[in-house]
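Peer 1: Protein sequences appear in the order of chains A and B.
Residues 411 to 733 in this note's numbering are what the first sequence lists, from first letter to last.
Residues 411 to 733 in this note's numbering are what the second sequence lists, from first letter to last.
Every residue, glycine too, gets a C-beta built ideally from N, C-alpha and C.
The model shown is predicted, which means the values in this text are computed figures rather than measured ones.
Number of protein chains: 2
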Amino acid sequence: MARSGVVAEVHSIDSVSQDSLGAELYRAYGQSLRCGFNTDPVLQRTLAHVLAHPGSLARPRMSVQTGLAYGAERQSTLDLAIALEYFHTASLLFDDLPCMDDAAVRRGAPCVHRLFGEPAAILAALTLINRAYGLVWSALRTVPLQHQVRVFEFLNDRLGVNGLLNGQSLDLNFQSSARDLAEAERVARGKTVPMIEIALVLPAILAQAPQRDIQLLQRLSLFWGLAYQLADDLKDVLASQSDTGKSAERDGRLGRPNTALVIGIPAAVGRLGRLIHAGDRLMNRLIAKRSSLNFLNDFRTSLLDELTNAIEEAGAIPIDRVR
Amino acid sequence: MARSGVVAEVHSIDSVSQDSLGAELYRAYGQSLRCGFNTDPVLQRTLAHVLAHPGSLARPRMSVQTGLAYGAERQSTLDLAIALEYFHTASLLFDDLPCMDDAAVRRGAPCVHRLFGEPAAILAALTLINRAYGLVWSALRTVPLQHQVRVFEFLNDRLGVNGLLNGQSLDLNFQSSARDLAEAERVARGKTVPMIEIALVLPAILAQAPQRDIQLLQRLSLFWGLAYQLADDLKDVLASQSDTGKSAERDGRLGRPNTALVIGIPAAVGRLGRLIHAGDRLMNRLIAKRSSLNFLNDFRTSLLDELTNAIEEAGAIPIDRVR
Chain A
411 MARSGVVAEV HSIDSVSQDS LGAELYRAYG QSLRCGFNTD PVLQRTLAHV LAHPGSLARP
471 RMSVQTGLAY GAERQSTLDL AIALEYFHTA SLLFDDLPCM DDAAVRRGAP CVHRLFGEPA
531 AILAALTLIN RAYGLVWSAL RTVPLQHQVR VFEFLNDRLG VNGLLNGQSL DLNFQSSARD
591 LAEAERVARG KTVPMIEIAL VLPAILAQAP QRDIQLLQRL SLFWGLAYQL ADDLKDVLAS
651 QSDTGKSAER DGRLGRPNTA LVIGIPAAVG RLGRLIHAGD RLMNRLIAKR SSLNFLNDFR
711 TSLLDELTNA IEEAGAIPID RVR
Chain B
411 MARSGVVAEV HSIDSVSQDS LGAELYRAYG QSLRCGFNTD PVLQRTLAHV LAHPGSLARP
471 RMSVQTGLAY GAERQSTLDL AIALEYFHTA SLLFDDLPCM DDAAVRRGAP CVHRLFGEPA
531 AILAALTLIN RAYGLVWSAL RTVPLQHQVR VFEFLNDRLG VNGLLNGQSL DLNFQSSARD
591 LAEAERVARG KTVPMIEIAL VLPAILAQAP QRDIQLLQRL SLFWGLAYQL ADDLKDVLAS
651 QSDTGKSAER DGRLGRPNTA LVIGIPAAVG RLGRLIHAGD RLMNRLIAKR SSLNFLNDFR
711 TSLLDELTNA IEEAGAIPID RVR
């Protein structure tokens, strides 16, 4: 991709601000939920552990950068970004429970329910959700009423019975459903796409970005969400074939939807290439309109590159136009 | 208690409107959360079951009546009331899980996790919470900004890490805590009082009631919350003594806080009488100020009479001044 000198300069300033932004997000993630004097010690310890393990913070980083690119207030974008990361963390705490994915490790540490017990994991997750709504509330207070409604309804729709929670339910109950491409992608649309939309579209709505930009960001979220899910599915299948991955073919074992299993590896590789290519075209169009959106390149890298590298290594399959 | 003819008349009109209000709440409880075309069938069936089993609706009834007594808009009070009942129902779905209370029956039916599995119970509870915040959001839209902040912050505080979630955590982890009156009542303050405050104080804040009334309603919530918890504790202990209750001395077995076990039956009976007496004095003071608050008598009856009757039958102990 050709870049003008000006864009390149903006990008290098971005890189610096990302480091300080990273530190700011890390601090805000750890400090935006405070216990009181009377808080139960077990709940306190559980929350302290959760708040000390924030993950990559790639999503809230993108959220803040999108909000700022469209001129939103800094504190509002930070509150919104931490809120979405608290929602996301809560969803992971639930996903990891024995009755869901029964996971052992999360963010480089034993899962919260293994360290503190299931009740503590559940109550910590609910506390994160409670606080996340409080942060959304704070973020909205600087915004005109009409936009408040749009932001809140977009967020709550993507989290709720027609969004993330539905995606999780479809995922868990996939065994009893028809296993075709449409069905597998319905799960991805429910589960992966809403979290990207919340990170990428929501801050643009908060910032009262032009309607056309919001539409483009929404389509970009769809391409990236589907690409991410498909890449994750492919990695899982290829790892099981090369027999190296420790959680190899986990989806097949758990009866989870896996598009690569449904349509086969060659078709999945082709489809992944097309999704990434379509995403890149959209992303470049957005950056051409507004150079401050250049950070989208970094998010694309953090979202997809590790997965596509793993796929190419495992399967020795070049994914057309990935880079 | 002496009542003037006017108050008695108001009360009889109330009784009629309560029936239609009951029907209205029943309908609203069942219809305020709607699934989409793409909602997972298992999640749909689970939610349909939950929404068809609304419990007594005594709390949302009191919430609406309080809001209306202070002049709030009808639709706002209804939205707020259903929101609080969804929060409450969600907390019951979590409480009943095997890792928490491992309950078998709720609202006259097998517990949701026993009918539809733990993941479905968890996702249904989260869907209720998501929708409850949406309803709170709707309820707030008719209120001036300054009061919006008060309503939202009061609600979120009572639900969160210093409210209901903390009470639940204290309750679960009581085994490892000091077992004295202060500690047992701290759990009641965390667990029982916030839900009554949300039903009784929150709609008054929504309606912009006078500050003095809000303070009185807050104290009334405290007395009633502590009385309810203590009566429940006493019933548990007495049922185990008379050996009739099927879940007799459940608290002792589970290591849960039970004030009657901590301070002994005679002291608990005396304390319950004093709490109820103090609540009655406050309630009558509020009704004398505003006759439309007369419905508080009905709530007091639904909250406490069944428990105190059970206590008197089981222990043949007259609770001083209960009636």
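Take Phe562/A and list the residues in its own chain whose beta-carbon comes closer than 8 Å to its own, dropping the five residues that flank it on each side.
Peer 2: Taken in chain order, the residues that qualify are Val546, Leu550.
Peer 1: Does Ser657/A have its Cβ less than 7 Å from a Cβ in chain B?
Peer 2: Residue placement at Ser657/A is flagged as unreliable, the pLDDT there being 46, under the threshold of 50; a coordinate-derived value is accordingly withheld.
Peer 1: Helix, strand or coil for Arg568/B? Go by DSSP, reduced to three states.
Peer 2: In this structure, Arg568/B counts as helix in the three-state DSSP scheme.
Peer 1: When DSSP labels each residue in this structure, what does Leu713/B get in the three-state scheme?
Peer 2: It is helical.
Peer 1: Quick one: give me the first and last residue of the alpha helix (DSSP H) that Met472/B is part of.
Peer 2: 468-479 is the extent of the alpha helix (DSSP H) around Met472/B.
Peer 1: Between the C-alpha atoms of Met510/A and Leu502/A, what's the straight-line distance to the nearest angstrom?
Peer 2: Using only the alpha carbons, I get a separation of about 10 Å.
Peer 1: Return the first residue and the last residue of the alpha helix (DSSP H) that Gln485/A is part of.
Peer 2: Per DSSP, Gln485/A belongs to the alpha helix (DSSP H) from 484-505.
Peer 1: Determine the contact status of Ala493/A and Ala462/A, defining contact as a CB-CB distance below 7 Å.
Peer 2: No, the pair does not count as a contact, with Cβ atoms beyond the cut-off.
Peer 1: When you compare the CB of Asp590/A with every CB in chain B, is at least one pair closer than 7 Å?
Peer 2: No, Asp590/A lies away from the interface with chain B (no Cβ there is under 7 Å from its Cβ).
Peer 1: Going by the DSSP bridge assignment, what does Arg516/A pair with across the sheet?
Peer 2: Answer is Ala519/A, bridged to Arg516/A.
Peer 1: Less than 7 Å between the beta carbons of Asn540/B and Gly570/A, yes or no?
Peer 2: Closer than 7 Å, so yes.
Peer 1: Could you give the residue range of the alpha helix (DSSP H) that holds Arg695/B?
Peer 2: Arg695/B -> alpha helix (DSSP H) spans 675-699.
Peer 1: Look at the alpha carbon of Phe564/B and the alpha carbon of Leu612/B, and state the distance between them as a whole number of angstroms.
Peer 2: Taking the straight line joining both Cα atoms gives about 7 Å.
Peer 1: Can you tell me whether Phe633/B is helix, strand or coil according to DSSP?
Peer 2: Helix.
Peer 1: Assuming Tyr436/A contacts Ala617/A (C-beta within less than 8 Å), just tell me the rounded distance between them.
Peer 2: No, Tyr436/A and Ala617/A are not in contact; Cβ-Cβ is about 23 Å, not under 8 Å.
Peer 1: Does any residue of chain B have a CB that is nearer than 7 Å to the CB of Ser579/A?
Peer 2: Yes, Ser579/A lies at the interface with chain B (some Cβ there is under 7 Å from its Cβ).
Peer 1: When you compare the CB of Thr537/A with every CB in chain B, is at least one pair closer than 7 Å?
Peer 2: Chain B, which has a Cβ nearer than 7 Å to the Cβ of Thr537/A, makes this yes.
Peer 1: Between Ala534/B and Thr449/B, how many whole angstroms is the CB-CB distance? I'm expecting something under 8 Å.
Peer 2: The pair is not a contact, with the Cβ atoms about 11 Å apart (cut-off 8 Å).
Peer 1: Roughly how many angstroms separate the alpha carbons of Val679/B and Ile686/B, rounded to a whole number?
Peer 2: Taking the straight line joining both Cα atoms gives about 11 Å.
Peer 1: Since Leu682/B and Ala637/B should fall inside the 8 Å C-beta cutoff, what is the C-beta to C-beta distance between them, to a whole number of angstroms?
Peer 2: Leu682/B to Ala637/B, Cβ: 6 Å. Contact.
Peer 1: Between the Cα of Asp743/A and the Cα atoms of Cys445/A, Arg444/A, Ala482/A, Ser466/A, which residue gives the shortest distance?
Peer 2: Since the displayed chain A opens at 411 and closes at 733, residue 743/A lies outside it and no answer follows.
Peer 1: Reducing DSSP to helix, strand and coil, say where Asn704/A ends up.
Peer 2: The answer is helix: DSSP assigns Asn704/A an H, G or I state.
Peer 1: Please decide whether Pro470/A counts as near chain B, where near means a Cβ-Cβ distance under 7 Å.
Peer 2: For Pro470/A, the answer is no, since every Cβ of chain B falls outside 7 Å of its Cβ.
Peer 1: For Val452/A, does the three-state DSSP call read helix, strand or coil?
Peer 2: The answer is helix: DSSP assigns Val452/A an H, G or I state.
Peer 1: Go ahead and pull the three-state DSSP assignment for Asp590/B.
Peer 2: Asp590/B falls in the coil class under three-state DSSP.
Peer 1: Contact between the region 618-631 of chain B and the region 484-498 of chain B: three or more CB pairs below 8 Å?
Peer 2: Output reads no: the region 484-498 of chain B does not touch the region 618-631 of chain B.
Peer 1: Verify the contact flag: Asn583/B, CB atom, against every heavy atom of the ligand MG, threshold strictly below 6 Å.
Peer 2: As for the ligand MG, it is missing from this structure, which has no ligand bound.
Peer 1: Hey, out of Arg599/B, Thr537/B, Asp512/B, whose CA is closest to Leu575/B's CA?
Peer 2: Minimum Cα distance to Leu575/B is reached at Arg599/B.
Peer 1: Under 7 Å between beta-carbons, which chain B residues line up against Cys509/A? List them in chain order, please.
Peer 2: Chain B residues near Cys509/A: Glu528, Pro529.
Peer 1: Between Phe562/B and chain A, is there a C-beta pair that is closer than 7 Å?
Peer 2: Yes, Phe562/B counts as interfacial toward chain A.
Peer 1: If you draw a straight line from the alpha carbon of Thr602/B to that of Gly635/B, how long is it in whole angstroms?
Peer 2: Approximately 5 Å between the Cα atoms of the pair.
Peer 1: Tell me the DSSP secondary structure of Asn540/A in three-state form.
Peer 2: It is helical.
Peer 1: Beta-carbon within less than 8 Å of Glu723/A's beta-carbon, same chain only, minus the 5 sequence neighbours each way: which residues are those?
Peer 2: Excluding residues within five positions, none has a Cβ falling inside 8 Å.
Peer 1: State the Cα-Cα distance for the pair Gly432/B and Ser701/B, rounded to the nearest angstrom.
Peer 2: Between Gly432/B and Ser701/B, the C-alpha separation is close to 21 Å.
Peer 1: Residues of the region 445-458 of chain A with a CB closer than 7 Å to any CB of chain B: list them in chain order, please.
Peer 2: Cβ contacts with chain B: Cys445, Gly446, Asn448, Thr449, Asp450, Val452, Leu453.
Peer 1: Can you tell which of Leu490/B, Arg710/B, Ile615/B, Asp646/B has the C-alpha that lies nearest to the C-alpha of Gln789/B?
Peer 2: Residue 789/B is absent from the structure shown; chain B starts at 411 and stops at 733.
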